[in-house]
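Engineer: One gets our numbering by counting positions in the sequence shown from 1 and adding 14 to each. Glycine included, each C-beta is placed from N, C-alpha and C at the ideal position. Mind having a look at this structure? Questions to follow.
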Amino acid sequence: MKPSNDRDWLPNVARTPWATVAGDTVTIHNIRNFTYRTETDFTPAWYDKSYDLRKLEGIDIVTSYWMGPDIAHVFVSFAFAGGEHLAMSIETRTEKGEGYSAIKGFFRQYELYYVVADERDVIGLRTNYRRDPPEDVYVYRVKSNPEGRRAFFLEYVRQINALKDHPEFYNSLTTNCTTNIWTNSHVNPGHLPLSWKILASGHVPEYLFENGRLEDPGLTFADIQRRAHINARAKAAGIVPDFSQRIRKAE
């Protein structure tokens, strides 16, 4: 069995993202920005956009829960000056007629895929449209510096370009949404050691807090978690152009 980028993919993973780098400018191709009416009824849309690395000002960790507190889908969103955000979510690339199974994910049944998307798509889908089961979504700002942010973003760029040329299989334990974030973080010194709280992905925010990696103006983790929960704000806002700004306006 060999991984491939050439299969009859579901529409939401139909295009392979890739990027070009020219100095401080990174141009991302095939950014997903679907318009959803329901989880399964949508209008596909993709676009290309250039980003100035000098304007990269923050990194957020996004966690989405649907089966209790121990397991979450975890992904990152990069914040740029002017309120722009670009999300990158490591997922399975599924074919038409193929459903997801965590068990099958251990046995080379899915390709590894980086969803590169507008937050109105990849976050709004989870907060505003998924119903069976519903998902609870949290957005946490991670402490970072300009050099670390740049290196981390460029490691994601390197990964999406590598997968374009050399596809890989997803693995439910070793090559999944959370372990790949941890692997990508190795580009920076002082990265956190592997912990059961990374494998039990719902505990990633707590693990970051315990190691002083979350922006926390003197708050307890419970308070940070409460402020990070965005479902109510996302539903009140709807999928609007300033969606990213509205979901971050904690009361």
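On a Cα-Cα basis, can you pick out the residue from M102, S103 and Y124 that is closest to E109?
Structural biologist: Start at 1 with the first residue of the sequence shown, and residue 109 comes out as number 95. Of the candidates M102, S103 and Y124, the one whose C-alpha sits nearest the C-alpha of E109 is Y124.
Engineer: In the structure shown, what three-state DSSP assignment does R145 receive?
Structural biologist: Translated into the one-based positions of the sequence shown, residue 145 becomes position 131. DSSP places R145 in coil when its eight states are reduced to three.
Engineer: From H180, W80, A165 and Y170, pick the residue whose C-alpha is nearest to that of N1; which is it?
Structural biologist: Look at the range of the chain in this structure, 15 to 265, and you will see that residue 1 is not part of it.
Engineer: Nearest-angstrom Cα distance between A93 and G72?
Structural biologist: As a first step, residue 93 must be located in the sequence shown, where it is residue number 79. As a first step, residue 72 must be located in the sequence shown, where it is residue number 58. C-alpha separation (whole angstroms): 5 Å.
Engineer: Give a yes or no on whether the C-beta atoms belonging to P219 and T49 are separated by under 7 Å.
Structural biologist: Counting from 1 along the sequence shown, the entry for residue 219 is found at position 205. Counting from 1 along the sequence shown, the entry for residue 49 is found at position 35. Not in contact: P219 and T49 (Cβ atoms no closer than 7 Å).
Engineer: Could you please give me the residues that DSSP links to V88 through a beta bridge?
Structural biologist: In the sequence shown, counting from the first residue as 1, residue 88 sits at position 74. Beta-bridge pairing links V88 to T77.
Engineer: Mind checking W32: buried by the 16 CB within 10 Å criterion, or exposed?
Structural biologist: Counting from 1 along the sequence shown, the entry for residue 32 is found at position 18. Buried, because 16 or more other Cβ atoms sit within 10 Å of the Cβ of W32.
Engineer: Using alpha carbons as the reference points, say which of E229, G37 and G111 lies closest to W23.
Structural biologist: Along the sequence shown, one-based indexing puts residue 23 at 9. The candidate whose alpha carbon is nearest that of W23 is G111.
Engineer: In angstroms, rounded to a whole number, what distance separates the CA positions of K157 and E133?
Structural biologist: Reading the sequence shown from its first residue, position 143 is the one you call residue 157. Reading the sequence shown from its first residue, position 119 is the one you call residue 133. Roughly 20 Å separates the two Cα atoms.
Engineer: Reducing DSSP to helix, strand and coil, say where T39 ends up.
Structural biologist: Mapped onto the sequence shown, residue 39 falls at position 25. DSSP places T39 in strand when its eight states are reduced to three.
Engineer: Tell me the DSSP secondary structure of S103 in three-state form.
Structural biologist: Taking the first residue of the sequence shown as 1, we reach residue 103 at position 89. Residue state, collapsed to three classes: strand.
Engineer: Verify whether the separation of the beta carbon atoms of V153 and D74 is less than 7 Å.
Structural biologist: If you number the sequence shown from 1, residue 153 lands on position 139. If you number the sequence shown from 1, residue 74 lands on position 60. Going by C-beta atoms, V153 is nearer than 7 Å to D74.
Engineer: Do the segment 142 to 151 and the segment 39 to 59 meet, that is, are 3 or more Cβ pairs less than 8 Å apart?
Structural biologist: The answer is yes - the segment 39 to 59 touches the segment 142 to 151, with three or more Cβ pairs under 8 Å.
Engineer: Look at the alpha carbon of F14 and the alpha carbon of L233, and state the distance between them as a whole number of angstroms.
Structural biologist: The question about residue 14 has no answer here: the residues shown for the chain are numbered 15 through 265.
Engineer: Which runs of the beta strand (DSSP E) spanning at least 3 residues fall entirely within the segment 119 to 203, listed in chain order?
Structural biologist: Qualifying beta strand (DSSP E) stretches, in chain order: 125 to 131 and 150 to 156.
Engineer: Considering W210, what are the terminal residues of the alpha helix (DSSP H) in which it resides?
Structural biologist: For the purposes of this step, residue 210 is taken as the residue at position 196 of the sequence shown. W210 to L213 is the span of the alpha helix (DSSP H), which, as asked, contains W210.
Engineer: So, at 6 Å on beta carbons, what are the nonlocal neighbours of R199 in its own chain, with the 5 sequence-adjacent residues on each side left out?
Structural biologist: The residue labelled residue 199 in the question sits at position 185 within the sequence shown. At residue 199 the sequence reads Ser, which differs from the Arg that was named. H205, listed in sequence order.
Engineer: Could you say which of H87, G138 and I42 lies nearest to G252 if we only look at CA atoms?
Structural biologist: On the sequence shown, position 238 is the one that residue 252 refers to. Out of H87, G138 and I42, G138 has the C-alpha closest to the C-alpha of G252.
Engineer: What three-state label does DSSP hand H243 in the structure shown?
Structural biologist: On the sequence shown, position 229 is the one that residue 243 refers to. Reduced to three states, the DSSP call for H243 is strand.
Engineer: Output the distance between the C-alpha atoms of I104 and S18, rounded to the nearest integer angstrom.
Structural biologist: Locating residue 104 in the sequence shown gives position 90, where the first residue counts as 1. Locating residue 18 in the sequence shown gives position 4, where the first residue counts as 1. Cα to Cα, I104 sits roughly 17 Å from S18.
Engineer: Can you check which of these residues, P255, V254 and H243, is closest to R262 by C-alpha distance?
Structural biologist: Locating residue 262 in the sequence shown gives position 248, where the first residue counts as 1. Checked all of P255, V254 and H243; the closest Cα to R262 is H243.
Engineer: Alpha carbon to alpha carbon, how far is T41 from T193? Give it in angstroms, no decimals.
Structural biologist: Position 179 of the sequence shown holds residue 193. Position 27 of the sequence shown holds residue 41. Each residue's Cα considered, the two are about 26 Å apart.
Engineer: In terms of alpha-carbon separation, which member of R107, N159, E229 and G97 lies closest to D20?
Structural biologist: The sequence position of residue 20 within the sequence shown is 6, counting from 1. Out of R107, N159, E229 and G97, R107 has the C-alpha closest to the C-alpha of D20.
Engineer: Which class does R46 belong to by DSSP, given the choice of helix, strand or coil?
Structural biologist: Residue 46 sits at position 32 when you count from the first residue of the sequence shown. It is a strand residue.
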